[in-house]
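A short write-up of the structure that comes next.
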Amino acid sequence: MTFTRYLTGALVGALSMSAMAAEVNVYSARQDALIVPLLEQFEAETGIEVNLITGKAGGLLSRMQSEGAASPADVLITVDAGNLHRAKEAGVVQTIQSDVLQSRIPETLRDPEMQWVGLTKRARTVFYAEDRVDPANLSTYENLVDDQWKGRICIRSSSNVYNQSLVASLIEVHGEEATEEWARGMVANMARKPTGGDTDQLRAVAAGQCDIAVSNTYYYGRLLDSDKPEDQQVVDTVKAFWVNQDDRGTHINISGAVIAKHAPNYDEAIQLLEFMVSDDAQAYYAEINHEFPVVDTATVSDTIQSLGTYKAHDLNLSILGENNKRAVMVMDRAGWQ
Ligand code: FE
Numbered sequence: 017m018t019f020t021r022y023l024t025g026a027l028v029g030a031l032s033m034s035a036m037a038a039e040v041n042v043y044s045a046r047q048d049a050l051i052v053p054l055l056e057q058f059e060a061e062t063g064i065e066v067n068l069i070t071g072k073a074g075g076l077l078s079r080m081q082s083e084g085a086a087s088p089a090d091v092l093i094t095v096d097a098g099n100l101h102r103a104k105e106a107g108v109v110q111t112i113q114s115d116v117l118q119s120r121i122p123e124t125l126r127d128p129e130m131q132w133v134g135l136t137k138r139a140r141t142v143f144y145a146e147d148r149v150d151p152a153n154l155s156t157y158e159n160l161v162d163d164q165w166k167g168r169i170c171i172r173s174s175s176n177v178y179n180q181s182l183v184a185s186l187i188e189v190h191g192e193e194a195t196e197e198w199a200r201g202m203v204a205n206m207a208r209k210p211t212g213g214d215t216d217q218l219r220a221v222a223a224g225q226c227d228i229a230v231s232n233t234y235y236y237g238r239l240l241d242s243d244k245p246e247d248q249q250v251v252d253t254v255k256a257f258w259v260n261q262d263d264r265g266t267h268i269n270i271s272g273a274v275i276a277k278h279a280p281n282y283d284e285a286i287q288l289l290e291f292m293v294s295d296d297a298q299a300y301y302a303e304i305n306h307e308f309p310v311v312d313t314a315t316v317s318d319t320i321q322s323l324g325t326y327k328a329h330d331l332n333l334s335i336l337g338e339n340n341k342r343a344v345m346v347m348d349r350a351g352w353q
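Each residue of the sequence shown is one higher than the last, beginning at 17 in my numbering.
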């Protein structure tokens, strides 16, 4: 496998375009550790060489746009339906024609026009300080704006696509006006100006800076699996609460992939994505980052199972992308930094 790290706006190292061996060129916004072992297994099973370029989601998308028809990209792997939708809107994708993907991936976790597919699933829920919050007082995202949580919530900034997608789901359920009201309530209840990533919110609860954090579950899973005493202290004192279990279910999202509009190796790209939804690949891919498989028949890791089962909001995730711009504006108007 060849690796190229994409760090700047310049084209770094042209991908080898050997006509001899079958190959597939992957642009990935995921950490190498999450994806490389899987790609190596794909190479071993199929003999198709994978050329991997790793970078940030936005940078890779811009790169595909500027490369245009000359782009070597076959597959773009990224997180969040919001980002996948951006790739679709940018016109750098093409229809993924595969009965395997269509039948293996639940309908809500792929684009209705098959412009992108989900490959792993994550939930965004509430975590609380066990010694300061009675979980009986927790219930829903909507409940977080209650006065009892004033100055007690930690959540990251509105520039983060995870929050944009959560707000996009609320817009779908409650409409824009009510969601803006909710966002104002969230801002009023924040313990501090949004700073850091999801893990930082969990750590802030453990440190007593706030009593409630909103985080994707896999960040908590990573802490659960960590040997570091400071991480163990977080999971010992901060617990997960599955929100909205008595109504629509907890907000979920995906990591996923698109096939590039000008993919030089379309068939190999399809083969790679089909490989990634096999039971074994699903179990591995989900487990390595403590996510959930999108394929129900794949096994779930012990760490993930320890969080318990939950009801997920059964929303077609393409809605998250469609409502993204409105979500950004809603949070902006609400003063969510
Ligand atoms: Fe993440």
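Virtual Cβ for every residue (Gly too), placed ideally from N, Cα, C. Model, not experiment: these values are computed from the prediction.
Closest by C-alpha distance to Q261, out of V346, A152, I275, is A152.
Minimum Cα-Cα distance from F257 among the listed residues F143, E303, V203, N159 corresponds to F143. Around the beta carbon of M347, a 10 Å sphere encloses 16 or more other beta carbons of the protein chains shown; the residue is thus reported as buried. Contact between A207 and Q225 holds: CB atoms are separated by about 6 Å, below the 8 Å threshold. Counting along the chain, A73 sits inside no beta strand (DSSP E); it lies in the alpha helix (DSSP H) bounded by residues 73-83.
Under a 10 Å Cβ-count criterion, A145 is classified as buried, with 16 or more other Cβ atoms of the shown protein chains found around its own Cβ.
Residue burial is scored here from C-beta neighbours: F58 has at least 16 other C-beta atoms within 10 angstroms and is therefore classed as buried.
Rounded to the nearest whole angstrom, the C-alpha separation of T315 and Q118 is 20 Å. Straight through space, the alpha carbons of S231 and N179 are spaced by roughly 9 Å. According to DSSP, residue pairing for C170 in a beta bridge involves A229. The region 124-133 makes contact with the region 324-343; the number of CB pairs closer than 8 Å reaches 3 or more.
If you look at R342, you'll find it isn't in any beta strand (DSSP E); it sits in the alpha helix (DSSP H) that goes 340-349. Per DSSP, the unbroken alpha helix (DSSP H) holding E196 starts and ends at 192-205. Shortest Cα-Cα distance from W132 to any of N99, A139, Y157 involves N99.
A distance below 7 Å between beta-carbons, with the five flanking residues on each side excluded, links N340 to the following residues of its chain, in chain order: G98, H101, Q180, A184. Bridge pairing for L54: absent [DSSP]. Shown here for V259: same chain residues with a beta carbon closer than 6 Å to its own, the five before and five after excluded, namely T141, V142, T156, Y157, T266 in chain order. Linking W352 to V161 through their CA atoms gives a straight-line distance of about 13 Å. For the set Q47, I51, A45, L55, the Cα lying nearest the Cα of E284 is the one of L55. Annotated as proximal: A139 and I268, with beta-carbon spacing under 7 Å.
For D295, the closest C-alpha among the options K209, T136, Y43, Q113 is that of T136. The Cβ atoms of A38 and I64 sit closer than 7 Å to each other.
About 4 Å separates the beta carbons of T94 and A45, which is inside the 8 Å limit, making them a contact pair. Leaving aside the five residues that flank D247 on each side, the residues in its chain whose CB is nearer than 6 Å to its CB run, in chain order, L239.
Here K255 has F143, Y144, E146 as same chain residues with Cβ atoms under 7 Å from its own Cβ, once five neighbours each way along the sequence are excluded. In terms of Cβ geometry, V52 and D90 do not form a close pair [threshold 7 Å]. For K255, the uninterrupted beta strand (DSSP E) run begins and ends at 254-257, by DSSP. Taking a C-beta distance under 7 Å as the contact criterion, V250 and R219 qualify as a contact pair.
Contact check for V42 against D96 fails: the beta carbons are separated by 7 Å or more. Beyond the five residues adjoining it in sequence on each side, Q287 comes within less than 7 Å, by CB distance, of T62, I64 in the same chain, given in chain order.
In the three-state DSSP reduction, V116 falls in the helix class (H, G or I). In the same chain as Y235, and ignoring 5 residues on each side of it, the C-beta atoms closer than 8 Å to its own belong to G213, D214, T215, L218, in chain order. Distances from the alpha-carbon of L186 to those of G167, K209, N159 put N159 closest. Setting aside the 5 residues that flank it on each side, A343 is surrounded in the same chain by Q180, V183, A184, I187, each with a C-beta closer than 7 Å to its C-beta; the list follows chain order. Scanning its chain for C-beta atoms nearer than 8 Å, with the 5 sequence neighbours on each side dropped, one finds no residue around S82.
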